[in-house]
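Novice: There's a structure below that I have some questions on.
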Amino acid sequence: MIFQLDKMQKQIRKAVVDFVRGEFKKDLVDDLVRAKVYPEKIWKKSSELGFPGIAFPEEFQGEGLGAFEKTIIAEELCRGDSSVGACLAQAGYGAEILLEYGSGSQKGAWLPKIAAAQILCTVAVAEPGGGSVTTTQTAAVRDGDHWKIDGEKAFVRNAGSLAGMYIVLCRTDANAIAPEQGLSLILVEADRAGIHVSDSGARLGQRQIPAGEVRFDSVCVPMENLIGKENQGIRQLGDFLNHARLSTAAQSLGIAQGAFDRAFAYVQQREQFRKKIIDFQVTRHKLADLATEIEAARLLTYQAAWAVDNDRADARLCAMAKMHAARSAVAVCDEAIQLLGGYGYMQEYEVERFFRDAKTADIIDGSRNAQKDVIIDALIGKK
Amino acid sequence: MDYKISEEFNVFRTTIRDFVEQELEPISLQVEEANEIPEPIMDRIRELGLFGMPIPKEYGGLGLSTIEEVMIYEEITRTNACFRSRIGTSNGIGSMGILYDGTDEQKRKYLPRIASGEWTTAFALTEPDAGSDAANIRTSAVVDGDFWILNGTKQFITNAECAQLFTTIAVTDEVKRARGGVTAFIVEKDMPGISVGPADIKMGLKGSHTHEVIFSDCRVPKENVIGGASMVGKGFSTAMRVLDKGRLSMGACALGGSQKILELCIDRVHQRMDRGETTADLQAVHFALADMAIQVHAARQMLHHAAVKRDRGENVTLEASMIKVFATEMASRIASNAMDIFETDGLLTKNRIEMFLRDVRLYRIYEGTSEIQRLIISRGLLDLKRTGK
């Protein structure tokens with residue numbers, strides 16, 4: 001075991017740190033946050049350094065690296081700013097589905113665009129009214145040489161004018177014996193007729209990531225838009241979720257570290273009772289606890305990333321990393337607010353936003369109970 | 384422990400519960416979005432007498448006891464926290480100094496207007512360098528003939544823009560400071576030399592505003608020292624006393640919000656079970672509800688016990704600190720657990736939970752952080768004052 005980044009990984013981390021220092025200017029970020037605007041310029045600049053396509057093969061304009069490098073990038077971007085970082089880290093949400101199961105032409109059509117920060121990628125799974133994937137109602141019916149898709153998806157991140165396409169979970173076999181067996185993933189280009197996106201509305205955090213309810217009204221796409229084999233949707237989604245969990249873990253790690261950095265700096269300069277806040281034993285011990293939380297979350301996340309790059313993606317590790325890193329980030333950010341006192345509650349001092357973004361990360365891609373189910377199923381040996 | 388609630392108060396409490404459910408809750412999102420409480424609603428709050436809850440009837444208030452007042456706060460906080468912030472700051476820390484330590488003249492002059500809600504009040508203690516370390520305040524008050532001249536900057540002052548009256552804490556003796564050199568003043572908004580900065584942009588508590596308040600050669604008549612000339616230099620204890628009482632109210636607010644969140648979670652679980660999910664599927668969530676209910680029940684007993692004790696004339700300084708810490712930390716935990724139960728729906732503002740999460744967060748910070756409460760409690764336990772350590 002080598003508990004150290006290799007030379008190339010260190011260079012990548014440094015490149016992201018330099019990028020954050022150069023591009024995440026506080027005034028600019030404050031303006032973007034206040035206006036709830038997607039950080040397009042920063043996103044496009046990040047593609048000049050190869051960040052969005054870091055783990056894509058070079059033949060698709062990627063850097064040919066892996067999940068570990070993707071993890072480091074997401075961590076440092078979110079450390080720089082939790083909200084702008086989340087936008088950039090999730091710009092390619094769903095790309096691994098194409099990487100693993102897409103045809104050559106699907107990969108060729110979309111991966112370069114994602115790498116070049118021309119389009120956002122989306123995955124449309126959840127439906128209004130809740131329920132699990134087994135109750136999926138969005139249907140894709142064969143209509144001549146096309147699929148005709150009807151249905152509605154809820155809270156689709158990246159949906160809207162910046163999305164290039166929607167990877168949609170559809171029921172393709174209404175007669176499947178078990179409801180989770182008749183589902184497929186189908187690629188729907190964003191400019192197809194019949195797609196209606198409405199904003200999901202105000203929310204807790206990660207407010208600059210567009211999110212909407214997406215209705216598909218008899219949307220027609222060619223048969224070859226099916227991703228991989230028919231009726232393999234649940235399995236494909238399961239594999240993708242490992243990557244999604246890992247990415248959320250990486251973002252959470254960065255959010256935690258970023259909040260810690262800010263609180264750590266603050267308590268070293270703020271004075272009350274004729275002492276620096278950091279000179280109080282309770283403050284010192286709090287910081288020690290927080291640093292320990294982050295270190296443990298980091299190791300677990302890095303181990304999950306290594307597993308993805310070296311064996312097959314390990315659902316147990318990815319779920320553990322997601323659950324633990326997000327939980328730690330929420331705890332660290334919550335304490336960071338407390339360490340800043342009244343200032344911690346003010347938007348200007350950032351830590352309250354880091355907290356909101358951390359709690360959002362805790363909920364999306366499966367909240368804690370969902371992660372626990374994945375972990376215990378893996379331990380028991382269920383498939 | 385035995386306490387009876389009068390039928391009359393019960394009717395009042397029901398009236399307030401209905402008011403919250405029928406008139407405040409329906410405009411919850413609007414208030415959040417606009418960051419403003421509509422004036423017609425403020426008028427309804429005045430009509431109901433809520434601004435005068437702790438003010439004696441002889442001054443136009445409702446003269447509620449402590450237990451009665453905390454029960455009303457449990458009701459008002461079943462919606463956005465801004466309503467209680469506006470009301471509770473005004474009839475709490477913003478004005479209780481006048482009730483506790485004011486002259487009869489001051490009480491007669493100011494309390495009726497405060498009780499009716501015609502005047503809103505604010506509490507001007509906190510400064511950029513004086514948060515938890517309240518004794519570190521720099522705002523000075525210097526005598527000039529029949530006036531005191533105030534100079535300094537106060538920060539994070541709730542109600543500053545809509546207030547007509549500021550209970551202002553300033554240093555009158557630079558050497559003695561908190562030990563006999565701090566004075567509490569009644570400063571009226573239209574006295575020359577006061578300016579209020581723009582509203583702070585906060586994590587939550589939308590609809591309630593905090594501002595910087597700058598005193599620049601602000602001229603305050605000598606008769607506006609709370610308690611008159613004999614109270615010059617004794618204002619720090621006035622300030623601490625109003626904060627002390629405020630802690631029970633804060634506990635009630637945290638409890639009210641927590642109770643409401645618990646009810647929303649119960650509804651949510653019922654919906655999921657109606658949709659076909661079984662007790663077995665939801666066992667973890669069922670246990671989470673149980674844990675919420677246990678804490679809420681404990682907090683309620685702590686709060687009511689302390690309130691009743693205070694009404695009997697006993698000192699509840701330690702209990703008030705304990706309930707403030709316990710209930711406010713509980714509220715944050717319960718709101719966070721509720722987010723887990725609601726999953727992605729919980730992220731959406733329209734579903735209320737994330738609003739509660741953001742609103743209750745400030746409870747652990749203002750009116751004495753949890754850390755300050757722990758200092759007070761530990762010092763009390765160890766009897767440090769007595770041994771002089």
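Those protein sequences? They're chains A and B, same order as listed.
Mapping of the first sequence onto this note's numbering: residues 1 to 383, in sequence order.
Mapping of the second sequence onto this note's numbering: residues 384 to 772, in sequence order.
Cβ atoms here follow ideal geometry from the backbone N, Cα and C, with glycine treated the same way.
1. Shortest alpha-carbon distance to residue 1/A belongs to which of 306/A, 363/A and 355/A?
2. Let me see if you follow: with CB-CB separation under 8 Å, is residue 800/B close to chain A or not?
3. Taking the straight line between their C-alpha atoms, what separation do you get for residue 126/A and residue 422/B?
4. In chain order, what residues of the same chain have a beta carbon less than 8 Å from the beta carbon of residue 300/A, not counting five sequence neighbours either side?
5. I want to know whether the region 574-584 of chain B touches the region 396-406 of chain B - three or more CB-CB distances under 8 Å.
6. Could you give the residue range of the beta strand (DSSP E) that holds residue 159/A?
7. Please confirm whether residue 204/A has its beta-carbon closer than 8 Å to some beta-carbon of chain B.
8. Along the region 356-373 of chain A, what residues have a CB closer than 9 Å to any CB found in chain B?
9. Indicate whether the contact test is met: 3 or more Cβ pairs, each with one atom in the region 46-61 of chain A and one in the region 84-97 of chain A, closer than 8 Å.
10. Enumerated in chain order, which unbroken segments of the beta strand (DSSP E) with a length of 3 residues or greater are wholly contained in the region 611-657 of chain B?
11. Does the region 430-444 of chain B come close enough to the region 495-515 of chain B that 3 or more CB-CB pairs lie under 8 Å?
12. The alpha helix (DSSP H) that contains residue 110/A, what's its start and end?
13. Quick one: which residues of the region 570-585 of chain B get their C-beta closer than 9 Å to a C-beta of chain A? List them in chain order.
14. With distances taken from CA atoms, which of 172/A, 142/A and 24/A is nearest residue 222/A?
15. Which partner residues of residue 167/A appear in the DSSP bridge assignment?
16. What are the residues of the region 508-523 of chain B that lie near chain A, defined by any Cβ-Cβ distance shorter than 9 Å?
17. Just to confirm before moving on: does the CB-CB distance between residue 204/A and residue 356/A stay below 8 Å?
18. Residues of the region 431-458 of chain B with a CB closer than 7 Å to any CB of chain A: list them in chain order, please.
19. Are the CB atoms of residue 616/B and residue 565/B within a distance shorter than 8 Å?
20. Alpha carbon to alpha carbon, what distance is there between residue 286/A and residue 744/B?
21. Decide if residue 80/A is buried, meaning its Cβ has at least 16 other Cβ atoms within 10 Å, or exposed.
22. Taking Cβ-Cβ distances shorter than 9 Å, what residues in chain A pair up with residue 566/B?
23. Classify residue 409/B as buried or exposed, calling it buried when 16 or more other Cβ atoms lie within 10 Å of its own Cβ.
24. Hey, quick one: how far does the beta strand (DSSP E) through residue 534/B stretch, first residue to last?
25. Which residues, in chain order, does the region 287-307 of chain A contribute to contact with chain B at a C-beta distance below 9 Å?
26. Ordered along the chain, which non-local residues of its own chain (more than five positions away) have a Cβ less than 6 Å from that of residue 549/B?
27. At a CB distance below 7 Å, what residues from the region 104-120 of chain A approach chain B? Give them in sequence order.
28. Confirm, please, whether the CB-CB distance from residue 288/A to residue 330/A is below 8 Å.
29. Return the CA-CA distance between residue 277/A and residue 759/B, expressed in angstroms with no decimal places.
30. Look at the Cβ atom of residue 634/B, then the Cβ atom of residue 706/B, and state whether they are nearer than 8 Å.
31. Anything in chain B within Cβ reach of residue 126/A, meaning under 9 Å, just list it in chain order.
32. Whose Cβ in chain A lies nearer than 8 Å to the Cβ of residue 429/B?
33. List the endpoints of the continuous alpha helix (DSSP H) containing residue 24/A.
34. For residue 409/A, write down the residues that DSSP places opposite it in a beta bridge.
35. Let me make sure I understand the geometry here. Which of 702/B, 538/B and 516/B has the alpha-carbon closest to that of residue 595/B?
36. Could you work out which residues of chain B lie near residue 282/A, taking near to mean beta carbons separated by less than 7 Å?
Specialist: On the basis of the coordinates in this document:
1. 306/A
2. Any property of residue 800/B remains undetermined from this structure, which presents chain B solely from 384 to 772.
3. 41 Å
4. 249, 317, 320, 321, 324 and 325
5. no
6. From DSSP, residue 159/A is part of no beta strand (DSSP E); its letter is neither H nor E.
7. yes
8. 356, 359, 360, 362, 363, 364, 366, 367, 368, 369, 370 and 372
9. yes
10. none
11. yes
12. 104-115
13. 583, 584 and 585
14. 142/A
15. 123/A and 187/A
16. 509, 512, 513, 514, 515, 516, 518 and 519
17. yes
18. none
19. yes
20. 18 Å
21. buried
22. Under the 9 Å cutoff, chain A gives no residues; its nearest Cβ is about 22 Å from residue 566/B.
23. exposed
24. 530-541
25. none
26. 505, 507 and 570
27. none
28. no
29. 18 Å
30. yes
31. 727
32. Result: empty, since nearest Cβ-Cβ is about 28 Å, beyond 8 Å.
33. Run containing residue 24/A: none; DSSP gives neither H nor E here.
34. Because residue 409/A is not part of the residues shown, which for chain A are 1 to 383, the question remains open.
35. 538/B
36. 754
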